[in-house]
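What follows is a short report on a single structure.
In full-length UniProt numbering, the protein residues as written are 1 to 377.
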C-alpha cells in the first residue's frame with residue numbers, strides 16, 4: 001500500500017504518488033538490525049521525494065543513517081555493488097563520499113526477496129537542495145564554481161579506477177551509444193538484450209526521429225570521441241547530490257552523494273552533464289530563454305581551476321551538450337516501459353528529454369549557450 005501522504009517528484013516539476021512504496025518502519029527495522037552497531041530503529045525522520053527508488057533518513061538506537069531501497073528489477077546485489085566499490089575508491093582518494101555500512105559478513109548491498117537495500121552514514125553539512133527538482137538551476141555562481149571544482153577532483157580520483165563498464169543499462173548514465181561511430185546501429189545492436197526498449201521503439205519510426213535529433217550534432221563529435229580517455233564518472237552531477245557548509249554562496253561542499261548513475265564514460269561527458277543538469281531550466285523550456293550562461297561558465301571555471309581544459313576540449317564540451325542525454329534518456333524509456341509500466345513517462349523521456357533537449361540546442365537560445373562555452377576558451 002502506497003502512503004498517499006508521501007509524494008515524489010514528477011517529470012514536469014509536479015508532485016505525484018510514487019511508483020515505489022515509501023519505506024515502512026517494519027522493513028527499515030529489519031534491515032538496520034543486520035548492520036552491527038546500529039541498534040534498533042527509533043524513527044523515520046524524512047523520506048526522500050526522489051522518484052526512482054525509496055529512501056529515508058532514520059534514527060536508530062546508536063545514531064542516524066540514510067537507508068535506500070531498490071527493486072530487484074532495477075538493482076541487484078551485484079549491480080549495486082558496482083556503485084559501492086566506486087564510492088569506496090573515491091572516498092579512499094579524498095573525495096568526501098559518505099561511508100557505506102555493511103552487515104556482519106561484509107556485504108554493503110543487503111537483499112531481501114524483492115528488494116535490495118543500502119545504508120549510508122548521514123552526509124555532513126547542509127542538504128540545502130534536497131527538495132530541488134532535477135534540472136533546476138544551481139543557486140548561485142559561488143555554488144557553481146564549487147561544484148565544478150569538486151567534479152574535477154572526482155575525475156582525478158577516478159582516473160586509475162579500472163573497473164569494467166556497468167552490467168546494466170537501467171538508470172545508469174552510460175555513453176556507449178553517444179560514443180559510437182553510428183548511434184542508430186549501436187541502438188539496433190542493443191535491442192535484443194533490451195526488450196522493453198525494443199518494444200517502445202518498435203511502436204514508432206525511431207530511426208528517423210532519433211536520427212533527426214542527433215545527426216547534426218553527432219557528425220561534429222564522432223571522430224573526437226574516439227580519442228577520449230575513458231574513466232568512471234558520476235553521471236548525475238546535480239546540486240541535489242551535494243551537501244554544503246551552509247546556504248551562503250561562498251559555502252564549500254562537505255559531501256558528494258549518490259553515484260547510482262555512475263558508469264564508465266569520459267570526463268567531458270560528465271562535465272557536459274553537470275552543465276545540462278545545473279545551468280538550464282528545462283522545466284521551463286516553453287519560454288525558450290532558459291539557459292544560465294553565468295552558471296554554466298562558473299561550473300567550467302571551477303573545473304578548469306583543478307583540471308585545465310584547452311580550446312579543443314572546450315569546443316568538444318559545447319558540441320556534446322545537445323547529445324549528452326542520449327543514452328540516459330533511452331535508459332529511462334526502458335525503465336518506464338519495462339519496469340514501472342508507465343508509457344506516459346516513457347513518452348516524456350523520449351519526446352521531451354531525448355528529442356526535445358536536442359531540438360532546443362538547435363534554436364537561438366541553445367546556440368547562444370554553446371557559443372558562450374566555446375568563447376570561454
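Idealized CB from N, CA, C, for every residue including glycine.
The DSSP-derived three-state label of residue 255 is strand.
As the crow flies, the alpha-carbon of residue 99 is around 27 angstroms from that of residue 305. Counting C-beta pairs with one atom in each stretch, the region 123–132 and the region 261–280 have fewer than three that are closer than 8 angstroms, which means they do not touch. If you ignore the 5 residues before and after residue 319, its C-beta comes within less than 6 angstroms of the C-beta of 220, 221, all in its own chain and listed in chain order.
Burial check for residue 329: the Cβ neighbour count within 10 Å reaches 16 or more, so the residue is buried. Under the DSSP assignment, residue 45 falls in the beta strand (DSSP E) whose first and last residues are 41–47. At least 8 angstroms separates the beta-carbon of residue 32 from that of residue 255. Nearest in C-alpha terms to residue 146, of all of 332, 316, 296, 350, is 296. Taking a cut-off of 8 angstroms on C-beta distances, the region 358–369 touches the region 283–296, as three or more cross pairs fall below it. DSSP lists 67 as the beta-bridge partner residues of residue 119. DSSP places residue 113 in the coil class of the three-state scheme, outside both helix and strand. According to the DSSP assignment, residue 360 belongs to the alpha helix (DSSP H) that extends over 356–362. Per the C-alpha coordinates, the member of 240, 341, 29, 335 positioned closest to residue 137 is 240. Annotated as distal: residue 151 and residue 282, with beta-carbon spacing of 8 angstroms or more. Contact fails between the region 83–92 and the region 49–69, because fewer than three Cβ pairs, one in each stretch, are under 8 angstroms apart.
Per the coordinates, the alpha-carbon of residue 29 lies some 10 angstroms from the alpha-carbon of residue 23.
Under the criterion of beta carbons closer than 8 angstroms, residue 285 and residue 356 qualify as touching, at roughly 7 angstroms.
Between the C-alpha atoms of residue 325 and residue 61 there is a straight-line separation of about 43 angstroms. In the DSSP assignment, residue 300 falls within the unbroken alpha helix (DSSP H) covering 293–304.
For residue 265, the uninterrupted beta strand (DSSP E) run begins and ends at 263–266, by DSSP. Inter-residue distance for residue 311 and residue 232 is about 24 angstroms (C-alpha atoms, whole angstroms). In this structure, residue 68 places its C-beta atom within 8 angstroms of the C-beta atom of residue 117.
The C-beta distance from residue 316 to residue 224 rounds to 5 angstroms, short enough to fall under 8 angstroms.
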